[in-house]
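Engineer:
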Amino acid sequence: MNLEWLIHPVSKETFVEEYLEKKPLVVKRNDPHYFNRLMSLEDIDVVLERGSISGRVEITMPNAQKKIPAAEYLNSQHSKNVVIRKGFNVSKMEQLYMQEKATILINASQYEWPALERLLETINNDLKTTSGANIFITPAQAQCFPAHFDEHDLFIIQIAGKKRWRIYESALYLPTQPQGGRVFDFSKLNLLYDLDIEAGDIVYFPRGFVHEVITTDSMSAHITLGCMHTTWLSVVAAYIRQLAEEEPLLRGAYMKDILCQGEARKKIIECLKQKFTHNLPLDVLAKIKPADAERSPVRATFQFTKHDLVNSERL
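If you count by the UniProt record's numbering, then the sequence shown holds residues 1 to 315, one letter each, in order.
1. Would you mind stating whether Q158 and A199 have Cβ atoms separated by less than 7 Å?
2. Alpha carbon to alpha carbon, what distance is there between C271 and D257?
3. What is the DSSP secondary structure of Y168, counted as helix, strand or coil?
4. If you draw a straight line from the alpha carbon of D126 to that of A147, how long is it in whole angstroms?
5. Could you tell me the distance, in whole angstroms, from the CA atom of T176 to the CA atom of H8?
6. What is the DSSP secondary structure of E4, reduced to helix, strand or coil?
7. Tell me, which residues are paired with P227 by DSSP?
8. Return yes when the Cβ of D217 is within less than 7 Å of the Cβ of A140, no when it is not.
9. Taking 7 Å as the threshold (C-beta atoms), are L105 and P62 in contact?
10. DSSP state of T60, grouped into three classes?
11. Please report how far the alpha carbon of I240 lies from the alpha carbon of E100, in whole angstroms.
12. Across which residues does DSSP place residue 351 in a beta bridge pair?
13. Just the C-alpha distance for R201 and M98, rounded to the nearest angstrom, thanks.
14. Alpha carbon to alpha carbon, what distance is there between T277 and Y111?
15. Throw me the rounded Cβ distance for the E58 and L96 pair, which I believe falls under 8 Å.
16. According to the neighbour-count rule (16 or more other Cβ atoms, all chains shown, within 10 Å of its Cβ), is A300 buried or exposed?
17. Hey, quick one: how far does the alpha helix (DSSP H) through Q65 stretch, first residue to last?
18. Are the beta-carbon atoms belonging to F155 and H222 less than 7 Å from one another?
19. Taking T122 and M228 to be in contact with their CB atoms under 8 Å, please state how far apart those CB atoms are, rounded to whole angstroms.
20. Who pairs with N82 in a beta bridge, going by DSSP?
Okay, here's the thing in structure tokens:
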């Protein structure tokens, strides 16, 4: 399993040239068993059981209409001011799922499922990304989050049931930060897709594209692969940090230098220009290792717990 298997019949070359960071890709397969090699609905029970024992995955239960405190579905004990989590309350999770229409969201699921970890490794190698995998199990007639955008590219892998996806044009071109609590007016964005994504289908869209997702008459289980790219921003920033190891001026206090006047100030500016541009061809930048890229690619966790978007403008 690799990137080309994931997006088949689209080739990796076509994907990079025509879709990557440019526009969404939707592949409808009419093959509900296509992703069985990766994960089935039954496998999710195994991930939950392993995660409850190891503590390596984080469970949240989001609902677009109301906030559900973690204390309602996580087992925990208090020791003075410290809360110690001790697995999941499965019966309470089932109750919230059925009665409150809450989604079961398993963050960092690759920790407990080797097939996901291997797929992420191949994607990271092909696209030079840092990626994580989250599993969403949503009941019928429910919505997990309001309309929003993310700061990382997304691959949506539908493994069971179906979901209605509305994908709009980009609200912010290649954002570097999550939407978080920032309020955007999405009402003027053009609708690009309004369709059901069914088992075996896949969707890709770049960061910044607004999406709103609901279930209708069926439950849904899908995997979201979040891919964080190594950007030119991170490469150049890493170059400057590396340069600072050799250049005392970059380690000096900014305030005292901006107070300089006349020739002294001009000299500082010219020195900075020279340091930033001297010996900076592409082959030099290619050797720089940004801090993001130095992290183990499959250990990154793309948490959705902070997407408290209740104040966002609805589409």
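From the three backbone atoms N, C-alpha and C, an ideal C-beta is built for every residue, glycine too.
Structural biologist: Let's see:
1. Locating residue 158 in the sequence shown gives position 158, where the first residue counts as 1. Locating residue 199 in the sequence shown gives position 199, where the first residue counts as 1. The answer is yes: Cβ separation under 7 Å.
2. Locating residue 257 in the sequence shown gives position 257, where the first residue counts as 1. Locating residue 271 in the sequence shown gives position 271, where the first residue counts as 1. Cα to Cα, the separation comes out at about 12 Å.
3. Numbered from its first residue, the sequence shown carries residue 168 at position 168. Strand.
4. Counting from 1 along the sequence shown, the entry for residue 126 is found at position 126. Counting from 1 along the sequence shown, the entry for residue 147 is found at position 147. Looking at the backbone, the Cα of D126 and that of A147 are separated by about 30 Å.
5. Reading the sequence shown from its first residue, position 176 is the one you call residue 176. Reading the sequence shown from its first residue, position 8 is the one you call residue 8. Near 29 Å, if we compare the C-alpha coordinates of H8 and T176.
6. One-based indexing of the sequence shown puts residue 4 at position 4. In this structure, E4 counts as helix in the three-state DSSP scheme.
7. Stepping through the sequence shown from its first residue, residue 227 is reached at position 227. Residue 227 is actually Cys in this sequence, not Pro. For C227, which the question treats as bridged, DSSP gives the partners S131 and D153.
8. Here residue 140 refers to the residue found at position 140 of the sequence shown. Here residue 217 refers to the residue found at position 217 of the sequence shown. Yes, they are a contact pair.
9. Working through the sequence shown from its first residue, we reach residue 62 at position 62. Working through the sequence shown from its first residue, we reach residue 105 at position 105. Cβ atoms of P62 and L105: closer than 7 Å.
10. The residue you call residue 60 lines up with position 60 of the sequence shown. The three-state reading of DSSP puts T60 in strand, counting E and B together.
11. In the sequence shown, residue 240 corresponds to position 240, counting from 1. In the sequence shown, residue 100 corresponds to position 100, counting from 1. Approximately 50 Å, taken between the alpha carbons.
12. The requested residue 351 does not occur in the structure, where the chain is confined to residues 1 to 315.
13. Residue mapping note: residue 201 aligns to position 201 of the sequence shown, counting from 1. Residue mapping note: residue 98 aligns to position 98 of the sequence shown, counting from 1. Before going further, note that residue 201 is Asp rather than Arg in the sequence given. When rounded, the separation of the alpha-carbon atoms in D201 and M98 is 25 Å.
14. Here residue 111 corresponds to residue number 111 of the sequence shown, with the count starting at 1. Here residue 277 corresponds to residue number 277 of the sequence shown, with the count starting at 1. Between Y111 and T277, the C-alpha separation is close to 42 Å.
15. Your numbering for residue 58 matches position 58 in the sequence shown. Your numbering for residue 96 matches position 96 in the sequence shown. Not quite, the Cβ-Cβ distance comes to about 16 Å (not below 8 Å), so this is no contact.
16. The residue labelled residue 300 in the question sits at position 300 within the sequence shown. Caution is warranted here: a pLDDT of 41 is assigned to A300, below 50, making its placement in the model unreliable, and the coordinate value is therefore given only provisionally. Buried, because 16 or more other Cβ atoms sit within 10 Å of the Cβ of A300.
17. Taking the sequence shown and counting its residues from 1, one reaches residue 65 at position 65. Note, Q65: premise wrong, no alpha helix (DSSP H); not H, not E.
18. What you label residue 155 is simply residue 155 of the sequence shown in a count that begins at 1. What you label residue 222 is simply residue 222 of the sequence shown in a count that begins at 1. No.
19. If you number the sequence shown from 1, residue 122 lands on position 122. If you number the sequence shown from 1, residue 228 lands on position 228. About 16 Å; that fails the 8 Å criterion.
20. Position 82 of the sequence shown, counted from the start, is the residue given in the question as residue 82. It should be noted that the sequence gives Val, not Asn, for residue 82. Bridge partners of V82: S79.
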